[in-house]
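Chains as they are written, first to last, in full-length UniProt numbering: chain A, 1 to 434; chain B, 1 to 434.
Number of protein chains: 2
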Amino acid sequence: MSGLCSARELVQLGKDVVILEARDRVGGRMLRKSVIDGGWIDLGGQWIGPTQANILSLAKSLGVKYFDSYDAGRTVISYRGALTTIDGPFPPDAAIPTVTTDGIDEAHRVWERFRSLAATVNVERPWLTTDSADFDAQTVTSWLATATNSDFARFCVSNWVLNQEGADPGATSMLFAIASYAAGPDEDEPEHSLFDGAAGQIPERIAEELGDRIVLGKPVTRITQQADGVTVAAGDQEYCAEFVIVAVPPHLAGAIDYYPPLPAPRMQFTQRAPMGSVIKYAAVYPTAWWRAKGLSGASISDGDVLLTADSSPPSGIPGILTGFVAGAAAVRLTYQSENARRHHVVSEIVTYFGEDARHPVEFIEMNWLGEKWTGGAYNAVLAPNTLTTYGPAMTEPVGRIHWAGTEMSAKWTGYFEGAVLAGYTAAHAVLGSP
Amino acid sequence: MSGLCSARELVQLGKDVVILEARDRVGGRMLRKSVIDGGWIDLGGQWIGPTQANILSLAKSLGVKYFDSYDAGRTVISYRGALTTIDGPFPPDAAIPTVTTDGIDEAHRVWERFRSLAATVNVERPWLTTDSADFDAQTVTSWLATATNSDFARFCVSNWVLNQEGADPGATSMLFAIASYAAGPDEDEPEHSLFDGAAGQIPERIAEELGDRIVLGKPVTRITQQADGVTVAAGDQEYCAEFVIVAVPPHLAGAIDYYPPLPAPRMQFTQRAPMGSVIKYAAVYPTAWWRAKGLSGASISDGDVLLTADSSPPSGIPGILTGFVAGAAAVRLTYQSENARRHHVVSEIVTYFGEDARHPVEFIEMNWLGEKWTGGAYNAVLAPNTLTTYGPAMTEPVGRIHWAGTEMSAKWTGYFEGAVLAGYTAAHAVLGSP
């Protein structure tokens, strides 16, 4: 998506562009699939928010509409084996079966503390944040161990991290976590809307515009820089250009063989930006039957399916519940058969929503951990000490090589908006290069 | 080295082997350079210990001798701007200028606590260690924050981590750190001896034996598995074999394009095993003049040059001091010119050893961060949650693909001995495969 946006921008400004795509399709983490009744689901990212100006404007220019995510009704909470429903945001306002009022208060206090730390982040350069060295030398788990004794408060922040990064809080730098919140804050409602016909159609439409400038099935293996240009090798073909924009996740950028070699900090950065671990599920029903029961379709759980969301069209026909498994739980599930996973995931959804959920007419799994040309999802997750040690090297162009991909955007990192922003930034950097 | 050992073993057992080497030389992190007076220095690893049976036996079979590292004399300690010398091991036995007796006692207590945790590690499967989830969800820095209030105690453990892993304690999983100690414990004296003529001659000699089975300058880009064999692509050539042993650091193994794709946990593991960051220096003098001053040549410092060691031949002619810069300090120094780095490093060595150190006749830098076919040094450093989430996937063969390299050995990980062990293990696994 980021590469397509940079290419589209350059083409509109009259430049010649070739897009080398490793897969036999475009779009990377933006990918849709048709389901019954003319419905579509996104196997990758799906949501957008009202302040994400660039993706909204892009969608408009492509004629893609969007609608408000369904948010009426109550949210199911499954915690420590007890089930309840709440109205309004999470953490809840009142006690739930397994959590006392004190536990709820503590969860609010810790979540506000997390958000107040996020408010101190230097979004453009997180490594310059106050106490960045301290926050970057610890995991979110370690921060939580000192911030509170409440298991429920820890669960609330941990669930947010798992859902936001697709990674466990024990794998994630605390500085990266607060920087990630600051880059796409909840108050900007990043999950406010869904696209009519799914987000995955956006790269499809850009690809139609770009036509035969796109060459599929061409994983880039080598980039050679000369004084006056670059040579990009993909399979047995070579492409010569003035500049190259590398728009793949950092670890895949690191897998390319560069001549001359990249500066050491950039090489070492790409070793330290692993992709999160997310398996996305979609359970499709003839209707969004939970709506009539006063449920929003949202659930938050300490089980393997950590979150579900109503991803149906406004009509609720078909009814689509998406669910997410992330972090070590996702890695563990990859050792099971697809059938065993399906059984396990459906069972958890039935626990949350009742027997009506038992027999989806379609049940779709997208295992991003097995996607070699992405390597995981949602995005790169920085382990401790990465931002403070390698931050300045992350986005810096290297001669005629520029970097794109949502990971390269300081604002809205990991979102569509970040992908678009990074693509535009790279395109304009190329235009401004000597 | 690991690949050469597996190849040599297979050849001795009558098998046909081809070794595809990315560089124009063999040996990877084992590499020597000649200096004045017939001396040799290792630009990579150099030490061996008396319990490392496989590398010792290999050296014997190749006719390479070794001698005791020089350890007479006092060790220089530079801490918080004060300089002192101590006799015996570190932490010292008595107060030093900037550390009270209480601080010394606390350092011993914390270091013994670290060692006692290491003694609980399940070396073959560190993820099965008691409390592994807790230790793996925190960095060494976080563990130190709760283990002690003493800055000096923290420094002692941090210096060990920097020296052992080439990575900052804030980047390193506590579980990985204690597992690393357990895999090559100090009591086994892993730095007891040095090779006559340097360790780097060992891969040279194995290469002489293997002859034209070795093909240089052939970075492997793709490995395809069929039912009856593998096809390995390197540049524009393809090699067919019954099995392949991939003997490169994990992140470089992850940069190869596999058909069919590797299992998800193995793919994601290779994104989470970055190389440490070490720049090695050698200051060469006509004689080991520090010996006559009662100094061992060893120094331990909170400066950028965190450690030095006498690496001269037994005669002390020439005199060779090796020095190490690691972690974020090494990354920071890569932004300076080589001249500026030299000036800075020599200045620190002069601080430790006096004006005699000012003018080495040769001054050699080996910046492992810039070595694209290794990607850093000494070895892969596992960030939090990697061992517990991906441990079982790290070494497991995938069909006809087996993994070698010192990172694949549970015992002596990161040492020559680990490289030899992993090479032998892979060779025998291939022989035992159906």
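Don't be surprised by glycine CBs; every beta carbon is placed ideally from N, CA and C.
Please read all numbers here as calculations on a predicted model, not as lab measurements.
Taking 9 Å as the Cβ-Cβ cut-off, the region 312-341 of chain A approaches chain B at G327, A328, A330, V331, R332, T334, Y335, given in chain order. B/F152 and B/D102 have their alpha carbons spaced roughly 10 Å apart.
Considering only A/D304, A/S315, A/G45, A/T395, the residue with the shortest C-alpha distance to A/A422 is A/T395. Contact note: B/K60 does not reach chain A at a C-beta cutoff of 7 Å; the least C-beta distance is about 36 Å. Counting of Cβ neighbours within 10 angstroms places B/Y79 among the buried residues, the total reaching 16 or more. Considered as a whole, the region 363-402 of chain A harbours 386-394 as its complete alpha helix (DSSP H) runs of no fewer than 4 residues, in chain order. Per the C-alpha coordinates, the member of B/S158, B/T172, B/V350, B/R115 positioned closest to B/L387 is B/T172. Listed along the chain, the chain B residues whose CB falls inside 7 Å of the CB of A/K372 are P261, M267.
B/F176: member of the alpha helix (DSSP H) spanning 174-183, first to last residue. In its chain, beyond the 5 residues on either side, T406, S409, W412 have a beta carbon closer than 6 Å to the beta carbon of A/G418. As DSSP reads the structure, B/S301 sits in a beta bridge with B/S78.
Neighbours of A/H251 in chain B, taken as residues whose beta carbon is under 9 Å from its own, are H251, G254, A255, T270, Q271 in chain order. Distance from B/Y181 to B/A137 at the Cβ level is roughly 19 Å; contact not present, criterion being Cβ atoms closer than 8 Å. Distance from the CA of A/C5 to the CA of A/V420, rounded to the nearest whole angstrom, comes to 6 Å. Look at A/T141: its C-beta is under 8 Å from a C-beta on chain B. Scanning the region 34-116 of chain B from its first residue to its last, the whole alpha helix (DSSP H) runs of 4-plus residues come out as 53-61. In the structure shown, B/Y424 adopts helical secondary structure according to DSSP, grouped into three states. Per the coordinates, the alpha-carbon of B/M30 lies some 52 Å from the alpha-carbon of A/E208. Under the DSSP definition of a beta bridge, B/R25 lacks any partner. For B/G354, the secondary structure class from DSSP, reduced to helix, strand or coil, is coil. Annotation for A/G229: the continuous beta strand (DSSP E) segment containing it runs 229-234. With respect to B/P318, B/D37 sits close: the two C-beta atoms are nearer than 8 Å. A residue is called buried once 16 or more other Cβ atoms fall within 10 Å of its Cβ, and B/L56 is buried on that count.
Among the residues facing chain B, A/D136 is included, as its CB has a counterpart in that chain under 8 Å away. Secondary structure at A/R32: strand, using DSSP grouped into helix, strand and coil. Proximity of B/S180 to chain A, defined by a Cβ-Cβ separation below 8 Å, is not satisfied.
Runs of the alpha helix (DSSP H) lying entirely within the region 264-349 of chain B and spanning at least 4 residues, in chain order: 264-270, 328-333. At a cut-off of 4 residues, the continuous stretches assigned as alpha helix (DSSP H) that sit fully inside the region 188-241 of chain A are 201-210. Put simply, the CB of A/T308 is far from chain B, with every gap to its CB atoms at 8 Å or more. Proximity to A/T287 across A/A357, A/A255, A/A94 peaks at A/A357, based on C-alpha coordinates. The three-state reading of DSSP puts A/D257 in strand, counting E and B together.
Check the Cα spacing between A/G49 and each of A/I86, A/Y66, A/D42, A/K33: the tightest is with A/Y66. DSSP, read as helix, strand or coil, puts A/L252 in helix. B/N367 belongs to the set of residues whose beta carbon lies under 8 Å from a beta carbon in chain A.
For B/V246, the enclosing beta strand (DSSP E) stretches over residues 244-246.
Under DSSP, A/L20 forms a beta bridge with A/V215.
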